[in-house]
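Peer 1:
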Amino acid sequence: MEHEMMNAMEIRRNDQAPAGTMRMSEKEFNLISKFIYSELGIKMPPAKKLMLSVRLSRRIKTLGLSSYMDYYNHLFTTKDRDEEYNLMIDAVTTNKTEFFREPNHFTVLARDVLPLMAQAKLVRAGKPLEVWCAGCSTGEEAYTLAMVLEDFVHSIPGADYRILATDVSRRVLRVAKEGIYRDGALGPVPPQFKRKYFMRGKGTFEGHHRVVPELRKKVTFRQLNFMDADFGIRTRMSVVFCRNVVIYFDRQTQVEFFGKIFHHLDPGGFLFIGSSETLFGISESFTSVGPTVYRRS
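In the numbering used here, the protein residues as written are 61 to 357.
1) Threshold first: 3 residues or longer. Then list the beta strand (DSSP E) segments lying entirely within the region 140-201, N to C.
2) Given 8 Å as the limit, is there contact between the region 194-205 and the region 226-244, that is, 3 or more CB pairs closer than that?
3) Among residues of its own chain, excluding the 5 on either side of Met287, which ones have a beta-carbon nearer than 7 Å to its beta-carbon?
4) What is the C-beta distance between Asp243 and His269, in whole angstroms, given that I count them as a contact (C-beta under 8 Å)?
5) Does the beta-carbon distance from Leu209 to Phe301 come in below 8 Å?
6) Whether or not the region 169-179 and the region 132-141 are in contact is what I'm after, with contact meaning three or more pairs of Cβ atoms, one per stretch, closer than 8 Å; do they touch?
7) Work out the CA separation of Glu88 and Gly267 for me, nearest whole Å.
8) Are the CB atoms of Ile240 and Ala178 within a distance shorter than 8 Å?
9) Hey, how far is the Cα of Gly218 from the Cα of Arg184?
10) Name the DSSP bridge partner or partners of Leu91?
11) Near Phe340, what residues of its chain come up, given a Cβ to Cβ distance below 6 Å and the 5 sequence neighbours on each side ignored?
12) Would you mind giving the Cβ-Cβ distance between Thr81 and Ser113, rounded to the nearest angstrom? I have them listed as a contact below 8 Å.
13) Straight-line CA distance for Thr347 to Arg119?
14) When the Cα of Lys277 is compared with those of Tyr257, Thr264, Asn285 and Arg115, which residue comes out closest?
15) What does the alpha-carbon distance come out to for the pair Leu331 and Thr338?
16) Residues in the same chain with beta-carbon distance under 6 Å from Gly334, minus the five sequence neighbours each way, listed in chain order, please.
17) Look at the alpha carbon of Phe309 and the alpha carbon of Lys121, and state the distance between them as a whole number of angstroms.
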């Protein structure tokens, strides 16, 4: 999942807030941006102030509050703090993903990584291959992984796999669990995979496809905040896809985060990161085996 603050295209080209948006003071911005950083690890420079004000203005109006300071205080005083906290996360983050995004990674996974793991008996009967899709957004990446893995394990009698897909936003996780996507979203999916792994919607679902139940049951979706000290993951992963997630973290947060990833990855396990990301100068615990593909040393 790529978490990114509101796209600039959602703001008027003259850098003026849409009509009805409250003005956010520097004090309010500093308080709220520090809170977001401490809770989510997302660093918000001053240039993001207008974007943040637009997003939170909608929640403030819904709640009948009069200022961003009121909303900041509301986060700590409401009886439904957990609910409002999650709604705040949904408000300030958006998610960009698609099926077979950065397709070379899936080629490398199917052509190089999985055969290597099968040769090393890491893909074998009786022990499911554990895969983690970290920052799964609305589920397209997790289901892409499932299609590739399903296609591969059929060549190994008794082999199986499990995918853990996590995201901080409950809103996107609800979409992911349903596994229902507009027809246009399936454009990058190879025709043979589309025929095999999707059902065409009818009636009220016309114009949509749904991931088949056999594939959906392979993926467990769960809320996870990367700032948590304990991810609650007790199984070592053989493959981790964590792409376009840390680009909004500062350097120290990246160092700490990849330290956690190292802990949850099998020795010799593979880590895939986004094309705009790197571990150079961030972690020496991984060895580069290809563009944005690493292996735990």
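The C-beta atom is built at its ideal place from N, Cα and C for all residues, glycine as well.
Predicted, not measured: the structure shown is a model, and the values here were computed from it.
Peer 2: With the given structure in hand:
1) 154-156 and 189-194
2) yes
3) Glu99, Leu100 and Gly101
4) 6 Å
5) no
6) no
7) 43 Å
8) no
9) 7 Å
10) According to DSSP, Leu91 bridges with nothing at all.
11) none
12) 6 Å
13) 44 Å
14) Tyr257
15) 11 Å
16) Arg303 and Asn304
17) 29 Å
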